[in-house]
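Peer 1:
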Amino acid sequence: HSLYSKEGYKKLKKELLEIEWKVYYDFESYEDTLTQLSLQIFRGKELYLKENLILEGKEELEEFERELILKLATPFSQLVLELKELKKKVVYISFNKTFECEWLKKLFDKYQEKDRNLAILVQFIQLLTIDLSDWFKCSKNLSLNLIGPLEGAHSLKKLTKLVAEKKYSEIE
């Protein structure tokens, strides 16, 4: 039983594995306020930056949002390219694309008038964001299931059961 299809592997390789900059990120919020950014940036296989930004008080909200945007945009400071070229060099991987992109849209709307450069960075980040769970799903046209026994699911509960059945030495 193959872990993934050849077509799926090619897609994974092109859209994720061959990309030089990988930015894994996750937002947390409370009510209508973005309160936390967990971030890991890899350049190739090396960890380039790991941060956990937490909003300390509402009075520092804009300062926090600016820092958050600039941290997320770290690869852009290393690459001076247009969006078309950035797609080949940078990918943003979220743990819940819908949630993260909703917040990115709110940040874009807020800073569109206040700080056009920040708004453009936010827009690029949103356009380059993919959902981590996409790589664990199967589709009828392109079967990509990285962990065969999960049958396309990406639930931590299913993963925990699968890992618990194996000895430590059997886990890759």
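In my numbering, the protein residues as written are 7 to 178. No residue lacks a Cβ here, since even glycine has one placed at the ideal position from N, Cα and C.
1) So, at 6 Å on beta carbons, what are the nonlocal neighbours of E106 in its own chain, with the 5 sequence-adjacent residues on each side left out?
2) In whole angstroms, give me the CA-to-CA distance for L110 and I131.
3) Here's the rule I'm using: 16 or more other beta-carbon atoms within 10 Å means buried, otherwise exposed. How should Y31 be labelled?
4) Beta-carbon within less than 6 Å of I47's beta-carbon, same chain only, minus the 5 sequence neighbours each way: which residues are those?
5) Nearest to E24 by CA position, among D38, E37, G50, is which residue?
6) Nearest to Y98 by alpha carbon, out of K16, L124, Y36, Q129?
7) Cβ of F70 within 8 Å of Cβ of L78?
8) Using the Cβ count rule (16 or more neighbours within 10 Å means buried), how would you classify Y117?
9) Using C-beta distances below 8 Å, list every residue in its chain close to E73, excluding the 5 sequence neighbours before and after it, in chain order.
10) In its own chain, which residues sit with a C-beta less than 7 Å from the C-beta of L113, not counting the 5 before and 5 after it?
Peer 2: Per the coordinate set shown:
1) If we look at E106 and ignore the five residues flanking it on each side, its Cβ neighbours are F33, S100.
2) Taking the straight line from one Cα to the other gives about 8 Å.
3) buried
4) V29, Y54, L55, T80
5) It is G50 whose Cα lies nearest to the Cα of E24.
6) Q129
7) no
8) Within a 10 Å sphere around the beta-carbon of Y117 sit 16 or more other beta-carbons, which makes this residue buried.
9) Short of 8 Å from the beta carbon of E73, and not among the five residues preceding or following it, lie these beta carbons of its own chain, in chain order: L59.
10) E71, I75, V128
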